[in-house]
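Residue numbers (the numbering used here): 393 to 692. For reference, the structure is listed below as structure tokens.
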């Protein structure tokens with residue numbers, strides 16, 4: 393993880409502490425955590441707290457022949473049913489580092505040392521660089537794992553999400569299965585929903601607070617996830633490969649391909665034609681119209 397990434401995580405922790413815990417404790421907690429987060433110099437948290445307990449737990453049932461997705465649970469050494477702690481679910485985005493990466497482990501350990509039960513789920517789908525609507529349910533299941541811990545104070549539970557993880561966190565927090573238990577959500581670099589994300593990447597633009605279109609260059613990762621997500625919606629193999637051959641290279645290169653009427657006429661499925669229209673949308677309006685024609689399951 394680079395210097396900017398480390399600084400981003402530090403800022404995240406500061407904001408989370410301000411929102412979720414008493415402000416009078418924030419300055420001391422943050423100052424004590426910084427060396428742990430940056431893995432630099434003496435670490436005061438190590439002096440004044442015992443090592444957190446750490447467990448790996450399945451949080452989502454696996455498909456046949458696969459191992460279940462696992463989450464890492466970090467518990468303050470003192471946490472128990474008699475002395476519960478607040479809880480935090482950390483949700484990272486596509487192509488993230490994984491729950492056992494040293495940078496993520498430092499964040500989770502630092503938070504646990506300050507008195508927070510932390511759950512970091514690994515999603516096989518997100519780790520593979522794919523985005524699926526079903527990942528919202530994955531966040532719900534991971535939160536349920538957190539809430540079910542006897543060491544957790546159920547009045548102090550929240551979710552923190554980065555990038556796509558932030559979008560998933562926002563959607564999951566409104567799920568009826570957990571909405572009454574989620575006390576707060578912090579989303580960083582997130583789109584509110586898939587529709588906004590897809591339209592913005594397609595049109596290379598987004599709407600500002602005044603409703604005006606602002607030019608924007610999606611990152612290579614955003615383009616890759618966008619393309620893969622759209623192609624996954626096309627179940628007809630022939631249509632999917634035709635779209636991939638025609639548009640994968642320009643989309644991944646950051647270009648906005650023009651419509652191909654001849655190709656569209658050859659596509660055999662309605663969803664294939666709709667994906668063609670979205671991949672070649674000229675502006676946000678055209679992109680939004682194409683998204684509206686996608687299957688409802690694609691627009692969560």
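Beta carbons: idealized from backbone N, C-alpha and C, even for Gly.
Pull up the distance between the alpha-carbon of residue i and that of residue j, whole angstroms please.
{"i": "residue 507", "j": "residue 670", "result": "47 angstroms"}
{"i": "residue 350", "j": "residue 491", "result": "Residue 350 is absent from the structure shown; the chain starts at 393 and stops at 692."}
{"i": "residue 595", "j": "residue 622", "result": "14 angstroms"}
{"i": "residue 449", "j": "residue 478", "result": "19 angstroms"}
{"i": "residue 610", "j": "residue 647", "result": "10 angstroms"}
{"i": "residue 464", "j": "residue 442", "result": "18 angstroms"}
{"i": "residue 534", "j": "residue 657", "result": "44 angstroms"}
{"i": "residue 565", "j": "residue 674", "result": "34 angstroms"}
{"i": "residue 528", "j": "residue 649", "result": "31 angstroms"}
{"i": "residue 641", "j": "residue 446", "result": "43 angstroms"}
{"i": "residue 605", "j": "residue 584", "result": "17 angstroms"}
{"i": "residue 676", "j": "residue 474", "result": "54 angstroms"}
{"i": "residue 717", "j": "residue 481", "result": "Since the displayed the chain opens at 393 and closes at 692, residue 717 lies outside it and no answer follows."}
{"i": "residue 456", "j": "residue 613", "result": "30 angstroms"}
{"i": "residue 603", "j": "residue 687", "result": "26 angstroms"}
{"i": "residue 458", "j": "residue 499", "result": "29 angstroms"}
{"i": "residue 516", "j": "residue 582", "result": "20 angstroms"}
{"i": "residue 410", "j": "residue 575", "result": "Since pLDDT at residue 410 reaches only 47, below the 50 mark, its modelled position is unreliable, and the value read off the structure follows with that caveat. Cα to Cα, residue 410 sits roughly 14 angstroms from residue 575."}
{"i": "residue 550", "j": "residue 636", "result": "39 angstroms"}
Which class does residue i belong to by DSSP, given the choice of helix, strand or coil?
{"i": "residue 545", "result": "strand"}
{"i": "residue 463", "result": "strand"}
{"i": "residue 529", "result": "helix"}
{"i": "residue 416", "result": "Note that residue 416 has pLDDT 48, beneath the 50 cutoff, so the model's placement of it is unreliable and the number below is only indicative. Three-state result, residue 416: helix."}
{"i": "residue 679", "result": "helix"}
{"i": "residue 626", "result": "coil"}
{"i": "residue 664", "result": "helix"}
{"i": "residue 592", "result": "helix"}
{"i": "residue 658", "result": "helix"}
{"i": "residue 512", "result": "strand"}
{"i": "residue 585", "result": "coil"}
{"i": "residue 685", "result": "coil"}
{"i": "residue 566", "result": "coil"}
{"i": "residue 641", "result": "helix"}
{"i": "residue 651", "result": "coil"}
{"i": "residue 517", "result": "helix"}
{"i": "residue 612", "result": "helix"}
{"i": "residue 442", "result": "coil"}
{"i": "residue 739", "result": "Outside the shown range of the chain, which is 393 to 692, sits residue 739, and nothing can be said about it."}
{"i": "residue 386", "result": "With the chain running from 393 to 692 in the structure shown, residue 386 is simply not present."}
Is residue i near residue j, with beta carbons less than 8 angstroms apart?
{"i": "residue 705", "j": "residue 509", "result": "Since the first residue shown for the chain is 393 and the last is 692, residue 705 is missing from the structure and cannot be characterised."}
{"i": "residue 504", "j": "residue 468", "result": "yes"}
{"i": "residue 625", "j": "residue 593", "result": "no"}
{"i": "residue 526", "j": "residue 617", "result": "no"}
{"i": "residue 545", "j": "residue 462", "result": "no"}
{"i": "residue 652", "j": "residue 638", "result": "yes"}
{"i": "residue 483", "j": "residue 557", "result": "yes"}
{"i": "residue 577", "j": "residue 562", "result": "yes"}
{"i": "residue 524", "j": "residue 476", "result": "no"}
{"i": "residue 485", "j": "residue 519", "result": "no"}
{"i": "residue 573", "j": "residue 540", "result": "no"}
{"i": "residue 672", "j": "residue 628", "result": "no"}
Under 7 angstroms Cβ to Cβ from residue i, same chain only, skipping five residues before and after it: list those, please.
{"i": "residue 659", "result": "631, 634, 665 and 668"}
{"i": "residue 683", "result": "587, 590, 591, 670 and 691"}
{"i": "residue 444", "result": "466, 467, 468, 469, 501, 504 and 505"}
{"i": "residue 615", "result": "593, 643, 644 and 646"}
{"i": "residue 619", "result": "640, 643 and 644"}
{"i": "residue 416", "result": "Note that residue 416 scores a pLDDT of 48, beneath 50, so its modelled location is shaky; the value from the coordinates is reported in the next line. Closer than 7 angstroms at Cβ, skipping near neighbours: no residue."}
Pull the bridge partners of residue i from the DSSP assignment, please.
{"i": "residue 551", "result": "481 and 577"}
{"i": "residue 597", "result": "607"}
{"i": "residue 452", "result": "461"}
{"i": "residue 447", "result": "465"}
Might you give, ordered along the chain, the residues of its own chain that have their beta carbon closer than 6 angstroms to the beta carbon of residue i, omitting 5 neighbours on each side?
{"i": "residue 579", "result": "553, 558, 561 and 562"}
{"i": "residue 349", "result": "Given a span of 393 to 692 for the chain in the structure shown, any question on residue 349 remains unanswerable."}
{"i": "residue 685", "result": "666"}
{"i": "residue 493", "result": "none"}
I'd like the list of long-range same chain contacts for residue i, defined as Cβ closer than 8 angstroms, with 5 residues on each side in sequence excluded.
{"i": "residue 607", "result": "596 and 597"}
{"i": "residue 569", "result": "532 and 536"}
{"i": "residue 600", "result": "606"}
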